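Step one of this worksheet: look at the structure below.
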């Protein structure tokens, strides 16, 4: 994967240092930012630097980080908390995991800085239990920081005390939402609540709580060390700095990338990602995970930032980016994401719990070739209701994959409903394997490999596929050496 056009800020130490050796982190200016904040700056001055940098939350919401610090600082309480959201649940996303596995001290240092800013002496990392290596390295890093006096009582002899403990999640996608995450840490069901009050006012155990995700925290030490002006010079007017993306799907170069805000989708897919695999034609890119939308060729020159992606019908999300080619059925893609959302809904509010289930059933009906045009109309209406009436971000954005594919690939929906055909050949109920008479030499390879004996014909004679028996497994298509079987 080319490094051209990439700038490493959040990933600056990943793959460069031994994450289990605190000395290597310190050798690359580690904990210098914390020392500067505690010995040379007031909390207000630190917050001002973060505000001037333009850093916004990298977990999907895009809320100004410095402003969140400021609101939490102004909340009056005898106890405050810093929470790191490491509950990364988007399909295909592994940005936060890589930072925690490759550079855990950057997050620890940033959380301590946040604690100093808001007046908190305790931090919590909410991390999913499916990340055993990240958990192990975090534990090692925390112990090393305590041994060196970088966590605990009276850090740098300044009178400031701060320590961090880990809390484990069971893999619920909805616990990425901050109020659901807080409830889970309290030992309650991971369900969201109405806001306000926001966690900055009433969060963990009812106390003011600053919640940011891993990538957001990873940027903070660099901003302190290099200055707000340096950071804000990278990116666009309203979206500063870089963003880490997990590039996956039908693309030659998969993996993590970190690019300045404002880099176009075309640059990411073709220059950094190396283009589409096997010379196939680009069809769509899904940004923002289950909450995002599918963007098409007309969007390739869209600069990637919070506002442009929303305007295009998608969103930044936490940074998942899945590329699709001409062989992908966009109705099936929308159905895939709805299936995920239905499974991950906490069930607290009816629009999400019931609405998304009905939405999935409509999509399933379309991919089965049993839908009518009225079902497409119902699909649009239901999407709007779910978006407007759901309690939290999961339900409010769950219809984005459906709405974006309806907008950009409406002809595929029509093809499924009216013509009973899946142009990409992915919806089994609408597929049909047929023998091309002029190409068939009667070798019997197809019949011999059919698991349900759906193919008849003598040797050296044209064969025939019985559609009422065929299970559409594709074994005949894969075995035929004479291009005598096609998918219709």
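In this note's numbering, the protein residues as written are 3 to 490.
C-beta: ideal position from N, C-alpha, C; glycine also.
No experiment lies behind these values; they were computed from the predicted model shown.
task: Could you tell me the distance, in whole angstroms, from the CA atom of residue 121 to the CA atom of residue 297?
output: What you label residue 121 is simply residue 119 of the chain shown in a count that begins at 1. What you label residue 297 is simply residue 295 of the chain shown in a count that begins at 1. Between residue 121 and residue 297, the C-alpha separation is close to 43 Å.
query: Tell me which same chain residues have a C-beta within less than 8 Å of the C-beta of residue 200, skipping the five on either side of it?
result: Sequence index remark: in the chain shown, residue 200 carries index 198 (1-based). Result list for residue 200: 73, in chain order.
- prompt: Can you tell which of 460, 478, 49, 443 has its C-alpha closest to the C-alpha of residue 226?
  reply: Residue numbering aside, residue 226 sits at position 224 when the chain shown is read from its first letter. Residue 49 is the option with its Cα nearest to residue 226.
- prompt: residue 106: buried (16+ other C-beta within 10 angstroms of its C-beta) or exposed?
  reply: In the chain shown, counting from the first residue as 1, residue 106 sits at position 104. The residue is buried, with at least 16 neighbouring Cβ atoms inside 10 Å.
query: At what residues does the beta strand (DSSP E) containing residue 86 begin and finish?
result: Within the chain shown, numbered from 1, the residue matching residue 86 stands at position 84. Where residue 86 is concerned, the enclosing beta strand (DSSP E) stretches over 83 to 88.
message: In the DSSP output, which residue or residues are listed as bridge partners for residue 458?
response: Start at 1 with the first residue of the chain shown, and residue 458 comes out as number 456. BP columns for residue 458 point to 466.
- prompt: Going by beta carbon distance, what residues of the same chain come within less than 6 Å of residue 178, once the five residues before and after it are set aside?
  reply: The residue labelled residue 178 in the question sits at position 176 within the chain shown. 89, 91.
- prompt: Terminal residues of the continuous beta strand (DSSP E) containing residue 156?
  reply: For the purposes of this step, residue 156 is identified with residue 154 of the chain shown, where counting begins at 1. That run of the beta strand (DSSP E) goes 154 to 157.
message: Which residue marks the beginning of the alpha helix (DSSP H) containing residue 104, and which one marks its end?
response: As a first step, residue 104 is located in the chain shown; it is residue number 102 there, counting from the start. Unbroken alpha helix (DSSP H) run through residue 104: 97 to 104.
query: Looking only at its own chain, which residues have a Cβ that is under 6 Å from the Cβ of residue 394, when we skip the five neighbours before and after it?
result: Taking the chain shown and counting its residues from 1, one reaches residue 394 at position 392. Answer for residue 394: 179, 194, listed in chain order.
Between the CA atoms of residue 147 and residue 25 - distance to the nearest angstrom: For this step, residue 25 is matched to residue 23 along the chain shown. For this step, residue 147 is matched to residue 145 along the chain shown. The alpha-carbon atoms of residue 25 and residue 147 are separated by roughly 10 Å.
- prompt: How about residue 288 and residue 324: are their beta carbons less than 9 Å apart?
  reply: To locate residue 288, count along the chain shown from 1; it is residue 286. To locate residue 324, count along the chain shown from 1; it is residue 322. The answer is yes: Cβ separation under 9 Å.
query: What's the gap between the Cα of residue 198 and the Cα of residue 205?
result: For this step, residue 198 is matched to residue 196 along the chain shown. For this step, residue 205 is matched to residue 203 along the chain shown. Roughly 11 Å separates the two Cα atoms.
task: Run through the stretch 304 to 368 for me and flag every whole alpha helix (DSSP H) of 4 or more residues, listed as ranges in chain order.
output: 308 to 313, 332 to 346, 352 to 355
task: Tell me residue 40's beta-bridge partners as DSSP assigns them.
output: Here the question's residue 40 lines up with position 38 in the chain shown. Residue 40 is not bridged to any residue.
message: Between 137, 273, 246, 252, which has its C-alpha nearest residue 262's C-alpha?
response: Taking the chain shown and counting its residues from 1, one reaches residue 262 at position 260. Checked all of 137, 273, 246, 252; the closest Cα to residue 262 is 246.
- prompt: Secondary structure at residue 163, three-state DSSP: helix, strand or coil?
  reply: Translated into the one-based positions of the chain shown, residue 163 becomes position 161. Strand at residue 163.
field: Proximity winner among 83, 93, 112, 212, relative to residue 12 (alpha-carbon distances)
entry: Residue mapping note: residue 12 aligns to position 10 of the chain shown, counting from 1. The residue with the shortest Cα to Cα distance from residue 12 is 112.
query: If you draw a straight line from the C-alpha of residue 124 to the C-alpha of residue 229, how long is it?
result: Within the chain shown, the letter at position 122 stands for residue 124. Within the chain shown, the letter at position 227 stands for residue 229. Between residue 124 and residue 229, the C-alpha separation is close to 26 Å.
message: Relative to the C-alpha of residue 347, which candidate in 401, 490, 331, 302 has its C-alpha closest?
response: By one-based count along the chain shown, residue 347 stands at place 345. The shortest Cα separation from residue 347 among 401, 490, 331, 302 belongs to 401.
task: Determine the direct distance from the alpha carbon of residue 362 to that of residue 175, and round the result to whole angstroms.
output: Here the question's residue 175 lines up with position 173 in the chain shown. Here the question's residue 362 lines up with position 360 in the chain shown. In a straight line, the C-alpha of residue 175 is about 18 Å away from that of residue 362.
- prompt: For residue 118, which of 141, 130, 149, 164 has the nearest alpha-carbon?
  reply: Taking the chain shown and counting its residues from 1, the one referred to as residue 118 is at position 116. Taking only the C-alpha atoms, the option nearest residue 118 is 164.
message: Measuring CB atoms only, is the stretch 148 to 155 touching the stretch 240 to 257, in the sense that at least three cross pairs come out at less than 8 Å?
response: no
message: Between the alpha carbons of residue 131 and residue 341, how many angstroms are there, rounded?
response: By 1-based counting over the chain shown, the position of residue 131 is 129. By 1-based counting over the chain shown, the position of residue 341 is 339. Their Cα atoms are separated by approximately 23 Å.
field: One or two residues paired with residue 170 in a DSSP bridge
entry: As a first step, residue 170 must be located in the chain shown, where it is residue number 168. Partner(s): 129.
- request: Compute the distance between the beta-carbons of residue 9 and residue 244, then report whether it is under 9 Å.
  value: For the purposes of this step, residue 9 is taken as residue 7 along the chain shown, with counting starting at 1. For the purposes of this step, residue 244 is taken as residue 242 along the chain shown, with counting starting at 1. In this structure, residue 244 lies closer than 9 Å to residue 9 by Cβ.
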